[in-house]
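These notes are about the structure you will find just below.
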Amino acid sequence: MSERKVLNKYYPPDFDPAKIPKLKLPKDRQYVVRLMAPFNMRCKTCGEYIYKGKKFNARKETVQNEVYLGLPIFRFYIKCTRCLAEITFKTDPENTDYTMEHGATRNFQAEKLLEEEEKRMQKEREEEELNNPMKVLENRTKDSKLEMEVLENLQELKELNQRQANVDFEAMLKQYKEYEEEQKRKEQEEDEQEMKAMLEQAQNRRLLVDSDSDEEPAKSRTKPAAKIKPTDILQEDPQPQSKKLKTESWERSVGKLNTKSQLAGLVTVKKQKLNPALANGTENQGTMANTGSFPTATGTTSSLGLLGAYSDSEDSASD
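Letter by letter, the sequence shown follows residues 1 to 319 in full-length UniProt numbering.
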């Protein structure tokens, strides 16, 4: 493949380059080149900002009658991206930079302005020293004073560095670590004491609750001992000294039928003339009435006799 890419041309033996006719081109002819903006600028027409690195299709020409040490100076023409106004700048080989010429203002060139100001002051000083020898002496004294001040500042900085060098940073760090460990130990001890106090309070509360629970069953056990009879549970307010029983609802309506005298008041015996054959029967009835038991003569007398016998039995049991 290399033989196809032939770069050498054939020159005949009678070739003379001086015989080649030269093109008559103008010295200020322009070329179209592709370049990037060398610095930040702002258009004077519309105020559009053009940042460094923006690409343009620029026209390039050689500046006439301006040369620096045999180096030509070139001028570039670009157009604003917003209003298409023409902006020109040229090279500055003396300062290895570019200079704005027309159509825009350069931004962020404070460092360059400072350098230019220093150069201007240096030139003015040199011109004064050439014409005035006393000015040379004054400048020398000022320079010597400035050097002395700089040396003093350097000496102070060295002393400060030496003081810092004498400081034992390892000992300081060790002391700080010990202080932190002591603080942590104190905090742990305080936490343990608080935990112990809380546990003691909890145990005391449990003991109080347990003692209260032990006393309550003892009281509940002593209460049933006071009840002798199983029938006392039915009574709401037991009174062992007073033998008053609770009146039932049927007793309130009918009345108590406990004693013999009350039953005797309710019973009325009819006097009838009986036959001599039934005399023995009446005598038996009289004896039975005295004992409190009645034969089944009528339904009321028999029921009353039974109630009287039940009440007598309850009185005897209570006595």
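Beta carbons: idealized from backbone N, C-alpha and C, even for Gly.
Nearest candidate by alpha-carbon position, reference residue i, set the options
{"i": "T105", "options": "R206, Q30, F15 and M41", "result": "M41"}
{"i": "G103", "options": "E180, V209 and K44", "result": "K44"}
{"i": "L113", "options": "R205, E180, D97 and E159", "result": "D97"}
{"i": "F108", "options": "Q203, K123, T141 and I50", "result": "I50"}
Which of helix, strand or coil DSSP assigns to residue i
{"i": "L154", "result": "helix"}
{"i": "E48", "result": "coil"}
{"i": "D14", "result": "coil"}
{"i": "R59", "result": "strand"}
{"i": "Q122", "result": "helix"}
{"i": "Q203", "result": "helix"}
{"i": "L25", "result": "coil"}
{"i": "P72", "result": "strand"}
{"i": "N65", "result": "strand"}
{"i": "V32", "result": "strand"}
Cβ neighbours of residue i in the same chain (closer than 6 Å, five flanking residues each side left out)
{"i": "R82", "result": "C46 and E48"}
{"i": "N65", "result": "none"}
{"i": "N290", "result": "Bear in mind that the predicted position of N290 carries a pLDDT of just 47, short of 50, making it unreliable; the figure below should be weighed with that in mind. Result list for N290: empty, nothing under 6 Å."}
Sequence-distant residues of its chain with Cβ nearer than 8 Å to residue i (five each side left out)
{"i": "N161", "result": "none"}
{"i": "V67", "result": "I73"}
{"i": "S211", "result": "none"}
{"i": "E94", "result": "Y68"}
{"i": "Q201", "result": "none"}
Same chain, Cβ closer than 7 Å to residue i, five either side skipped, listed in chain order
{"i": "M36", "result": "G53, K54 and K55"}
{"i": "E187", "result": "none"}
{"i": "E86", "result": "Y77, K79 and G103"}
{"i": "D92", "result": "Y98 and T99"}
Residue i: CB within 8 Å of a non-hydrogen atom of the ligand MN
{"i": "E138", "result": "No copy of the ligand MN occurs in the structure displayed, which carries no ligand at all."}
Any C-beta of chain C under 9 Å from that of residue i
{"i": "M148", "result": "Absence of chain C from the displayed structure is noted, only one protein chain being present."}
*Output the residue ranges of the beta strand (DSSP E) runs that lie fully inside the segment 160 to 201 and measure 3 residues or longer, sorted by chain position.*
none
*asked:* So, does the segment 61 to 68 touch the segment 21 to 28, judging by three or more C-beta pairs under 8 Å?
replied: yes
*How do the segment 2 to 20 and the segment 62 to 80 stand: do at least 3 beta-carbon pairs fall below 8 Å, yes or no?*
no
*Which full runs of the beta strand (DSSP E) of 3+ residues lie inside the segment 79 to 110, going along the chain?*
Those beta strand (DSSP E) runs which fall completely within the segment 79 to 110 and span 3+ residues are 86 to 92, 97 to 102 and 104 to 106.
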